[in-house]
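Note that numbering that gives the first Met the number 0 has the sequence shown beginning at 0, numbered continuously upward. The beta-carbon is built from N, C-alpha and C at its ideal position, and this holds for glycine as well. Notes to accompany the following structure.
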Amino acid sequence: MTKVNKNFENLVPNYLFADIAKKTNEFIKANPDKKLIRLGIGDVTLPLAPVVVEAMKKGCEELGVKETFKGYPDYEGYEFLRTAISDYYKSFGVNVSADEILVNDGAKSDAGNIGDIFSEDNVILVTDPVYPVYVDSNIMAGRKILYADGTEENNFCAMPNPDVKADIIYLCSPNNPTGACLNKEQLKAWVDYANENNALIIYDAAYEAFISEDDIPRSIMEIEGARTCAIEMCSLSKTAGFTGTRCGYTVIPKELELDGTNIYKLWYRRLSTKFNGVSYPVQCAAAAVFSEEGQKQTRENIAYYKENAKIIAETMDELGIKYTGGINSPYIWLKCPNNMGSWEFFDYLLNNIYVVGTPGEGFGKNGAGWFRLTSFGDRENTIEAMNRLKGLMKK
Ligand code: PLP
0 MTKVNKNFEN LVPNYLFADI AKKTNEFIKA NPDKKLIRLG IGDVTLPLAP
50 VVVEAMKKGC EELGVKETFK GYPDYEGYEF LRTAISDYYK SFGVNVSADE
100 ILVNDGAKSD AGNIGDIFSE DNVILVTDPV YPVYVDSNIM AGRKILYADG
150 TEENNFCAMP NPDVKADIIY LCSPNNPTGA CLNKEQLKAW VDYANENNAL
200 IIYDAAYEAF ISEDDIPRSI MEIEGARTCA IEMCSLSKTA GFTGTRCGYT
250 VIPKELELDG TNIYKLWYRR LSTKFNGVSY PVQCAAAAVF SEEGQKQTRE
300 NIAYYKENAK IIAETMDELG IKYTGGINSP YIWLKCPNNM GSWEFFDYLL
350 NNIYVVGTPG EGFGKNGAGW FRLTSFGDRE NTIEAMNRLK GLMKK
């Protein structure tokens, strides 16, 4: 008899985005004349940079010629791309060698699959509010999950508690959904905790490219001691608009050993069994992101989103609404005014100013009473949404 993985029954059904879509669609149906503005999306809206498109086209053309045709790519990614990523790390002073980088089809795959190489009896620690992939993938594997609270009091930067023993810790900075960032000192505290407890940190740096303040680490590998306790996951999705193109990378220090086992080798073993690599044209496109021109063009897009974030943040300042994020992050995480609940505020914005955001409680219990706006919309709509919000709040 076939038996299914009953751990799936422990997953909380993902009502959040379904409920948002349902409420939004009902509103549109009832109010076809109203101009809706979506600031809830976590997807980018600007097109790929021209240099990236050219590189992808060239990659396709090479596949169409016998002499340059390529079959299966290397599991860990072509050397030209891994070298480009390694040089990128060097550009902000971090040494990560090309053979510590594994290219993937986006950070979600590795974030969701990395648990394959770890025993089911590891205790997991996530910060709450949390990107749901860390939680759900560990529920599927039947692991125990502990939560470190990110709250208004700690500016949504949960810190390690020496009395709590965890084996695998997920950190995300700049954070989705809160936009909060761990500074060097805070990240060092987590690295020290992990080394003291023989624990692993899985560091999600998907929003690293949005960091502009010097004190905020771009990579956990900047922190002394990280190479013996951390792996890092990055993505080109938000950095270069690759949400539809699909490419990311994971960094595993060669010397990282846990439970007497080399983690790079263990992950490589898993990868070569279950993954056949990222397509050549996409890897060409990814390498172009790290070229001089690619950096210039993709940074222009990031600057555009960051300007949107600034417009939202300035509006919050003007309205006296407390928030985190917006400076080193595309997300603004705000406290719902007048003690409204997340969903109450969602309905309030939708019905009064036709703006859609994301209720914070969808990201964990500490998200109750908070709300996420994103800067991935277009400029005109962002400005209009903020003007509508000012009009509403000042009534
Ligand atoms: N990590 C975080 C924190 C994210 O917010 C996202 C996407 O929203 C991802 C990873 C996934 O990125 P990718 O598109 O590379 O799979």
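For P159 and N121, the gap between their C-alpha atoms comes out near 17 Å. DSSP, read as helix, strand or coil, puts S234 in strand. Under the DSSP assignment, L15 falls in the alpha helix (DSSP H) whose first and last residues are Y14 to A29.
Listed in chain order, the non-local C-beta contacts of D191 below 7 Å within the same chain comprise G224, local neighbours out to five positions each way being set aside. Annotation: the continuous beta strand (DSSP E) that includes D148 extends over K143 to D148. Only residues of its own chain outside the window of five on either side were considered, and among them Y347 and G368 have a CB closer than 8 Å to the CB of M339, listed in chain order.
Cα atoms of F26 and K33: separation of roughly 9 Å, rounded to the nearest angstrom.
Sequence-distant partners of E292 (beyond 5 residues in either direction) whose C-beta falls short of 8 Å from its own C-beta, in its chain, are V50. Residue side-chain check: L318 keeps its Cβ at 8 Å or more from all non-hydrogen atoms of the ligand PLP.
Straight across, the Cα-Cα distance linking I200 with R226 is about 10 Å.
In chain order, E75 and T249 place their CB closer than 6 Å to the CB of L101, counting only its own chain and leaving out the 5 sequence neighbours on each side. Assignment of P358 by DSSP, reduced to helix, strand and coil, places it in the strand class. Taking 9 Å as the cut-off, the Cβ atoms of R217 and V355 do not count as close.
Around the beta carbon of R268, fewer than 16 other beta carbons sit within 10 angstroms, so the residue counts as exposed. Between N194 and the set S96, L145, I40 and K164, the nearest pair of CA atoms involves K164.
Residue environment: A17 is assigned as exposed (fewer than 16 neighbouring CB atoms within 10 Å of its CB, all protein chains considered). L80 and L38 have their C-alpha atoms spaced approximately 33 Å apart. Remark: C-beta atoms of C246 and A287 do not approach each other more closely than 9 Å. Here DSSP, grouped into helix, strand and coil, assigns L124 to strand.
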